[in-house]
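Take a look at the structure below.
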Amino acid sequence: MTVVTLGGVTVGICILLHALVTWWPGRKALMKDPARHAAALGPFLISWAYGVLAILGVGGLIGWAARTALWISSWLGDVALVWGVGGATGQRAGGGGYLPLTQTGGAVVLILTVVLVAMAKKSRYGSDIKRGAWCGVCLGTSAGVAGFAAAPLAIAANWLGGALYGVL
15 MTVVTLGGVT VGICILLHAL VTWWPGRKAL MKDPARHAAA LGPFLISWAY
65 GVLAILGVGG LIGWAARTAL WISSWLGDVA LVWGVGGATG QRAGGGGYLP
115 LTQTGGAVVL ILTVVLVAMA KKSRYGSDIK RGAWCGVCLG TSAGVAGFAA
165 APLAIAANWL GGALYGVL
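The numbering of the sequence shown is the numbering used here, which starts it at 15 and goes up by one.
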């Protein structure tokens, strides 16, 4: 089981808030063209969902990379809490009860990995994609996020995999 610390959740929240603050176009601009401004947040949110899937249900090299990123983020966040603000650290229990990925759901995550890596390299939203995946990895095992997002994301990946490989 992957366990996130208070520092890891803090890093994830910081990434999320940074993305929202840098995205925020202002009330007037958002009211004038909400669809265009909401679409600008899309790459971050899609890669966030991928990060949650990667940390919750995938093994192998992709799972190892996600767990390593979570470990580093938790360590950095703990150091920032202790040395930066004089706080304390602690482990937060991971969210339980999420639906595991099926074999075809895991295949969908592999396909998404290839797509997101290509998008991060070729798209002008590369930094948003990287930050979104990192944020998803950091917040994916926190109890609140895992309970909220894990089941729908796993169900969607399993359904998509079943539909895709059922046709082939």
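Beta carbons are placed, not taken as given, at the ideal position from N, Cα and C, and that holds for glycine.
Item	Value
How is Val8 classed by DSSP in three states: helix, strand or coil?	An answer regarding residue 8 cannot be provided, because it is not within the stretch 15 to 182 covered by the chain.
Among Ala147, Leu124, Val123 and Val93, which has the Cα closest to the Cα of Ala134?	Ala147
Taking Cβ to Cβ, would you say Leu183 is nearer than 7 Å to Gly150?	Lying before the first or after the last residue shown, residue 183 is absent from the chain, which here runs from 15 to 182.
DSSP beta-bridge partners for Val17?	Bridge partners of Val17: none, in fact.
In whole angstroms, give me the CA-to-CA distance for Val96 and Thr118.	42 Å
With DSSP as the reference, please indicate the residues paired to Ser87 in a beta bridge.	Partner(s): none; Ser87 has no beta bridge.
Using 8 Å as the Cβ pair cut-off and three pairs as the minimum, do the stretch 126-143 and the stretch 53-64 touch?	yes
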